[in-house]
Amino acid sequence: MTTTHEVTNQSAPLADVNLFAGNLALQGALRFNQAGYDRARFEKLGGDAGSAEMQVHARLANTHTPALRTHDRFGRRIDQVEFHPSYHALMRLALQHRLHGAPWSEAPGGHVERAAAFMLFTELEPSVLCPVSMTYAVMPALRDNAAIHAAWGPKLAATGYDERFVPFVHKRAVTLGMGMTEKQGGSDVRANTTRAEPAGEDPWGRRYRITGHKWFLSAPMSDAFLVLAQAPGGLSCFFVPRWLTDGAGERVNAMAVQRLKDKLGNRANASAEVEFDGATGWLVGEEGRGVPQILAMGAITRLDCALGTAGLMHHALCLALHHTRQRQAFGHRIAEHAAMRNVLADLALESEGATALALRVARAVDRTEHGQDPHGHEAIMRRVLTPVGKFWICKRGSHFAQEAMECLGGNGYVEEAGEGVMARIYREMPVNSIWEGAGNIIALDLLRALRAGAAADALQHEVAPARGAHPAFDRAADTLGPAIDTLADEAQARQLARQIALVVQAALLHQHATDTVFAAFCASRLAGEADVFGLLPHGHDLEAIVERALPH
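Here it is as structure tokens:
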């Protein structure tokens, strides 16, 4: 029987590659948005993330998923989640590369570099980036409680990951999570019923007892959480640590983990339902300001949704290119067939457009946070392009992953004990579209941004560098202003988000991609409206587009 099982015509694993060195799209976008970026940092991360060793950790962390231990063997309630050692290895690498709270204390450009690094790490393993993303997003909110920010801020930016379940005063580094969603409300956080009762004041400010249930609380082993609850003055934001340290000693806060969610993807990360039973929390900001605070944090995590999806797109593209250039069918390598070349080139265009838009949003965040926005343009772009990028990139992600999976055929559909990376990517894609607001929520947020005024003129200024470069681009750019006026209603919000996304992506590609990429993008996305991948029209150098995207 041995001769019948000789393995031929199978592609080798895509391992021990530098994920940055071969990513020309990311390099171009990074140069455009942060000219003086630290290339050595990205070469190091690209090598780490593409190594066979770390890929094994990614497989194991997804195969040996988190397990909840509600009680110890003596019957005492402990509410701890156990992770495979590979999860901790991945977390250690993410914090080492400053993907969490570090950029808030770095020089201008830190948010752009962090965004590009976040995309690179996503190609290795996205699940562990949930607590990393939340730690990044909550840092600005903590400024509303100066005492907590002073005590916790340095450890939220520290690069020495510490997985121990101990009070924060004993840890080298800490992570933060969020507890917003409730079963009866979902995105409608105003429907939350968790309540907060005043319980005095201490050096951390106004203290409360928090009681209620949270339907989704990701990364329950984080060291603390920002939680929404109804205070006497309205829906408010509270800082709730896992451990309390006071005159009564060190003890676990009254937060019970009821169960872990059984999810489609994002398996290495634990998502939980939790119960707060008089848990101690401290007010962050003012009573009644919980919604604006959560929206501010959500805007940052929405950026990470776009970044993460763009990273997953690129790795799915790399897997498709790698496989089709090795496997043969009908007498040729699959990538040599004209139909497949069209599909691969189209996927490459989509991936580069996603990278361009996501990093542009990160630049807007960086410039506004560092006061480098004298005319207010970056503030408008941050407010408009955050929902645009989150909506469009994440919406395209699942379709992209399906097409890339088809390039591998049945091999792409197989999990194979976690070694089927394409299947893992496919399962992961929907979470970024759903998390921090599904499509309708995000499209409506875009309408609110556009109604604030000046957005139409700012968008015309944003896309002006590509004027005259392609007739389809000019026609599409001309429609933006009227579209904002005529489509700015709820029923057309998605159409408007799509239109803005494509025009801005094209303008960015004109500035930091190749002329070939820009022309093919305009012809396929602006002159036409392809509803599936692989419909690139005649007259474009598909081989050059594919060659640019090849992993090295």
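By the count of the numbering used here, the sequence shown reaches residue 553 at its end, each step adding exactly one.
Every residue gets a Cβ at the ideal spot worked out from N, C-alpha and C, and that includes glycine.
Source: prediction; values computed, not measured.
Helix or strand or just coil, what does DSSP make of Glu370?
-> When DSSP states are grouped into helix, strand and coil, Glu370 belongs to the helix group.
Where Glu202 falls: helix, strand or coil (DSSP) | strand
Do the stretch 419–438 and the stretch 364–376 touch if we need at least three Cβ pairs shorter than 8 Å?
-> no
Compute the beta-carbon to beta-carbon distance between Phe474 and Ala467, rounded to the nearest angstrom, for a pair I have assumed lies under 8 Å.
-> 6 Å
Tell me, please, which residues DSSP counts as bridged to Val228.
-> DSSP lists Gly180, Phe239 as the bridge partner or partners of Val228.
List the DSSP bridge partners of Ala174.
-> Answer is none; Ala174 lacks a bridge partner.
Beta-carbon contacts of Ala159 that lie in its chain and below 7 Å, excluding the five residues immediately before and after | Arg173, Ala174
Residue range of the beta strand (DSSP E) that includes Glu83 | 78–83
Following the continuous beta strand (DSSP E) through Phe277, name the residue where it begins and the one where it ends.
-> 272–284
Out of curiosity, what's the CA-to-CA distance linking Ala340 and Leu543?
-> 11 Å
Three CB pairs or more closer than 8 Å across the stretch 135–153 and the stretch 288–304 | yes
Kindly list the residues whose CB is nearer than 7 Å to the CB of Phe33, restricted to its own chain and excluding five residues on each side of it in sequence; keep chain order.
-> Gln512, His513
From which residue to which residue does the beta strand (DSSP E) around Val258 run?
-> 256–261
Kindly list the residues whose CB is nearer than 8 Å to the CB of Ala498, restricted to its own chain and excluding five residues on each side of it in sequence; keep chain order.
-> Pro388, Val389, Phe392, Trp393, Ile443, Ala444, Leu447
Near Met181, what residues of its chain come up, given a Cβ to Cβ distance below 7 Å and the 5 sequence neighbours on each side ignored?
-> Val190, Leu229, Ile295
What span of residues does the alpha helix (DSSP H) with Val415 cover, start to end?
-> Neither: Val415 is in no alpha helix (DSSP H) and is coded neither H nor E.
Does any CB atom of chain C fall closer than 8 Å to the CB of Gly535?
-> Chain labels in this structure do not include chain C; a single protein chain is all it has.
Given a cut-off of 8 Å, decide if Arg364 and Val170 are closer than it, judged by their beta-carbon atoms.
-> no
From the DSSP output, which residues share a beta bridge with Arg74?
-> In DSSP, Arg74 forms no bridge with anything.
Going along the chain, which residues of its own chain have a beta-carbon closer than 8 Å to the beta-carbon of Val275, five neighbours each way excluded?
-> Gly180, His214, Lys215, Leu218, Pro221, Met256, Ala257, Val258, Gln259
With DSSP as the reference, label Gln327 as helix, strand or coil.
-> Note: Gln327 maps to coil in three-state DSSP.
Using the Cα positions of Ser272 and His58, report the straight-line distance between them to the nearest angstrom.
-> 20 Å
Helix, strand or coil at His214 according to DSSP, with G and I counted as helix | strand
Can the beta-carbon of Ala117 be found less than 8 Å from the beta-carbon of Leu360?
-> yes
Enclosing alpha helix (DSSP H) for Trp153 [first to last residue] | Element bounds for Trp153: 147–157.
Of the choices Asn63, Ser52, Ala50, whose alpha-carbon is the least far from that of Glu416?
-> Asn63
Does the Cβ-Cβ distance between Cys408 and Thr325 come in under 8 Å?
-> yes
Can the beta-carbon of Gly289 be found closer than 8 Å to that of Leu227?
-> no
Using CA coordinates, which residue listed in His72, Arg78, Phe84 is at the minimum distance from His65?
-> Phe84
Look at Asn10 and Arg334 and say whether their C-beta atoms are less than 8 Å apart.
-> no
Under 8 Å, do Leu481 and Gln496 count as touching if we go by C-beta distance?
-> no
Excluding the five sequence neighbours on either side, which residues of its own chain have a C-beta within less than 7 Å of the C-beta of Asn254, listed in chain order?
-> Val241, Pro242, Arg243, Trp244, Leu245, Ala280, Thr281
Cβ of Glu103 within 8 Å of Cβ of Val129?
-> First, the amino acid is wrong: residue 103 is Ala here, not Glu. No, the Cβ-Cβ distance between Ala103 and Val129 is not below 8 Å.
Cβ-based burial, Asp49 [other Cβ within 10 Å; buried from 16] | Around the beta carbon of Asp49, 16 or more other beta carbons lie within 10 angstroms, which makes this residue buried.
Alpha-carbon to alpha-carbon, Ala380 and Gln1 = In the structure as shown, the chain starts at 2 and stops at 553, and residue 1 therefore has no counterpart that could be examined.
How long is the line joining the alpha carbons of Gln97 and Gly469, rounded to whole angstroms?
-> 45 Å
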